[in-house]
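Engineer: Residue numbers (the working numbering): 434 to 986.
Just dropping this structure here.
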């Protein structure tokens, strides 16, 4: 059952396997929690005082009916006290704003695998609907929207709704994300349970993402501000006086160069592509998804390629664009983008007309150990999701901590990075979340946008033809047609602003000292994004835990 987690769920067999995995892990955990609690307490009455269970997205949501089963069936609790214990024990962290990504399971699948758990979920839903009727009498449409089990044949169990109903806290993972939950995706629930909703901005551990991944920069930081910053990342602000220290800036630049040389060697050994460590390393590393818009960066690469061919005298800063990431097994659209990156890279890298001013590399088998080599070497951090779709992101934090300059939309934690580093030390472009909806509601026609922009038209024509698929002309025509027909994630709408953002990156990078100061300031102001702060927030505001001092030799 657990040999391969998150199997493809586009078949009945795949769905059944996922449910089996989720139940096995949830049930094993719950039974262990109960066993350990009863080893030190006379009953489960005080479980919520001793234990909090944070549901990290909906994958462990079956823990809710499992705890009710243990309380009601095994330990002979009546429904009301069992439900009170359950609600006070659970809390829910939402990780997605995509409605299609919210987990649902057909009730016939649960009836086959877990009939008792389906009964318990049905009773939870029945009682919850009574509460909704009492709070909003006569509002049948609201009741339909909020039901835990969406009516139908089969019915669909909305696991996010189950999580919201069954706990004391619901949080998003960035300020904008949490606001969009309250005003959009979970608005009905916020109106019923306003006190349950809160924000816990994600964090990353500085022990891994600076001290371990970037020992050169870590040592430079320690030499400047002393030890201890690893457990108090806000101390990085003490680096700010070094913005005027030429010797420190030179040392900071040298650390980055050494990291880029290491990455260049890795790229050549893995891909055969030779890249120049003195070029700008422009990095987009993340899961492949249409909303994350790796394709937007590909459009820009083609645009830059066409510019360099058209103007042999152009001398923008040399740039190496580095991709890494994986697509879900059945996500055909994302895999087409990966294929396109390889095809564009093969043409660009082999064309002498670009004069070494543009290279493209795709690093295979992306994983944490690969990220630990890429992140310290990055100059530019591509965080270009369609505004309103990225819950938070943590790659943006890792890259900023290591002195990369963010090129991004006002989405997820980019908003808070901007607040920390200041407008002049981040490059923001494109539609904001509310504007995306306004444009969509206003009858957005991507074909009209493309026809009005000669640069964009040239890019799409190159992709549609044989420029990047000489052996199979028109191979990528489907990608272009999807953009011209739907453009669900507003790539064409944001393309002009994105090109302007890239021009600002070019101008800033051309001024070596200005770039170094901006990069260093990103490092110095990344303290907020320590996972230590995130965990303190959860502990203080949701779990009601006091820290226990741990003596360190």
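Ideal Cβ positions, reconstructed from N, Cα and C, are used throughout, including at glycine.
Note that this is a predicted model, so its numbers are computed, not measured.
(1) What first and last residue would you give for the alpha helix (DSSP H) that runs through residue 829?
(2) Just tell me which of 906, 725, 982 has its CA closest to the CA of residue 923.
(3) Indicate whether the contact test is met: 3 or more Cβ pairs, each with one atom in the stretch 697–704 and one in the stretch 790–799, closer than 8 angstroms.
(4) Grab me the residues of residue 603's own chain with a C-beta within less than 6 angstroms of its C-beta, minus the 5 sequence neighbours each way, in chain order.
(5) My output table needs one value for residue 602: the three-state DSSP class, helix, strand or coil.
(6) Starting from residue 459, trace the alpha helix (DSSP H) in both directions and tell me its first and last residue.
(7) My output table needs one value for residue 886: the three-state DSSP class, helix, strand or coil.
(8) Short of 8 angstroms in beta carbon distance, which residues of its chain neighbour residue 582, apart from the five on each side in sequence? Order them along the chain.
(9) Can you give, in chain order, each stretch of the alpha helix (DSSP H) that sits fully within the stretch 638–707 and has at least 4 residues?
(10) Check whether the stretch 618–628 and the stretch 810–823 are in contact - that is, three or more C-beta pairs closer than 8 angstroms.
(11) Could you pull out every residue in the same chain whose Cβ sits closer than 7 angstroms to the Cβ of residue 944, ignoring the five residues on either side in sequence?
(12) Using the C-alpha atoms, what's the distance from residue 509 back to residue 565?
(13) Suppose contacts are defined by Cβ-Cβ distances below 7 angstroms. Is residue 817 in contact with residue 841 by that definition?
(14) What separation, rounded to the nearest whole angstrom, lies between the Cα atoms of residue 815 and residue 829?
(15) Any chance the stretch 673–683 sits against the stretch 960–972, with 3 or more Cβ pairs inside 8 angstroms?
(16) Does the beta-carbon of residue 645 have 16 or more other beta-carbons within 10 angstroms, so that it is buried, or is it exposed?
(17) Just to confirm before moving on: does the CB-CB distance between residue 523 and residue 599 stay below 7 angstroms?
(18) Considering only the alpha carbon of each residue, which of 958, 982, 948 lies closest to residue 682?
(19) Under the rule that 16 or more other beta-carbon atoms within 10 Å means buried, what is residue 844, buried or exposed?
(20) So what's residue 958 in DSSP terms, helix, strand or just coil?
(21) Would you mind listing the beta strand (DSSP E) stretches within the stretch 712–740 that are 3+ residues and don't spill past its ends, in chain order?
(22) Let me know the secondary structure DSSP gives residue 948 once reduced to three states.
(23) What does the alpha-carbon distance come out to for the pair residue 784 and residue 792?
(24) Are the CB atoms of residue 528 and residue 824 nearer to each other than 7 angstroms?
(25) Identify whether residue 590 lies in helix, strand or coil by the three-state DSSP scheme.
(26) From the DSSP output, in three-state form, read off residue 539 for me.
(27) Cα-Cα, which of 971, 960, 977 is closest to residue 640?
(28) Residue 792 lies in the beta strand (DSSP E); which residues open and close that run?
(29) May I ask you to report which of helix, strand or coil DSSP gives residue 788?
(30) Look up residue 874 in the DSSP assignment and say whether it is helix, strand or coil.
(31) The beta strand (DSSP E) with residue 841 in it runs from where to where?
(32) Drop a sphere of 10 angstroms on the beta-carbon of residue 662, count the other beta-carbons inside from all chains shown, and report buried for 16 or more, exposed for fewer.
(33) For a test of the three-state rule: what should DSSP assign to residue 439, helix, strand or coil?
(34) Closest to residue 579 by C-alpha separation, out of 562, 567, 586, 568, would be which residue?
(35) What residue range is occupied by the uninterrupted beta strand (DSSP E) comprising residue 752?
(36) Is the separation between the beta-carbon of residue 752 and that of residue 713 shorter than 7 angstroms?
Structural biologist: Taking the structure as given:
(1) In this chain, the alpha helix (DSSP H) harbouring residue 829 covers 828–834.
(2) The candidate whose alpha carbon is nearest that of residue 923 is 725.
(3) Yes: the two stretches touch, three or more of their Cβ pairs being nearer than 8 angstroms.
(4) Cβ within range, chain order: 525, 597, 629, 630.
(5) It is coil, neither helix nor strand.
(6) That run of the alpha helix (DSSP H) goes 445–471.
(7) In the structure shown, residue 886 sits in coil (DSSP, three-state: anything other than H, G, I, E or B).
(8) For residue 582, where only same-chain residues beyond five positions count, the Cβ hits under 8 angstroms are 540, 554, 555, 558, 588, 589, 590, 591.
(9) For the stretch 638–707, the continuous alpha helix (DSSP H) assignments of 4+ residues that do not extend past its boundaries occur at 648–658, 679–704, in sequence order.
(10) By the Cβ rule, the stretch 618–628 does not count as touching the stretch 810–823, because fewer than three pairs are nearer than 8 angstroms.
(11) Taking residue 944 as the centre and dropping the five residues before and after it, the same chain places no C-beta closer than 7 angstroms to its C-beta.
(12) Going by the C-alpha atoms only, they are around 28 angstroms apart.
(13) Between residue 817 and residue 841, the C-beta gap is smaller than 7 angstroms, which places the two residues in contact.
(14) Answer to the nearest angstrom: the Cα atoms are 8 angstroms apart.
(15) Cβ pair count under 8 angstroms is below three, so no.
(16) Residue 645 counts as exposed, since fewer than 16 other C-beta atoms from the protein chains shown sit within 10 angstroms of its C-beta.
(17) It is a contact, given that the beta carbons lie within the stated cut-off.
(18) Closest option to residue 682, judged by alpha-carbon separation, among 958, 982, 948: 948.
(19) Buried: at least 16 other Cβ atoms inside 10 Å.
(20) Three-state result, residue 958: coil.
(21) Qualifying beta strand (DSSP E) stretches, in chain order: 713–718.
(22) Reduced to three states, the DSSP call for residue 948 is helix.
(23) So the alpha carbons of these two residues sit roughly 10 angstroms apart.
(24) Yes, these two residues count as a Cβ contact at 7 angstroms.
(25) If DSSP states are grouped into helix, strand and coil, residue 590 belongs with the strands.
(26) It is a strand residue.
(27) The residue from 971, 960, 977 with its alpha-carbon nearest to that of residue 640 is 960.
(28) Taken as a continuous stretch (DSSP letters only), the beta strand (DSSP E) holding residue 792 covers 791–796.
(29) Looking at residue 788 - three-state DSSP - the assignment turns out to be coil, as it is neither helix nor strand.
(30) In the structure shown, residue 874 sits in a helix (DSSP, three-state: H, G or I).
(31) Its beta strand (DSSP E) spans residues 838–841.
(32) Counting Cβ neighbours within 10 Å, residue 662 comes out buried, since at least 16 surround it.
(33) Assigned with DSSP and collapsed to three states, residue 439 falls in coil, not helix or strand.
(34) The shortest Cα separation from residue 579 among 562, 567, 586, 568 belongs to 562.
(35) DSSP places residue 752 inside the beta strand (DSSP E), whose first and last residues are 752–757.
(36) It is a contact, given that the beta carbons lie within the stated cut-off.
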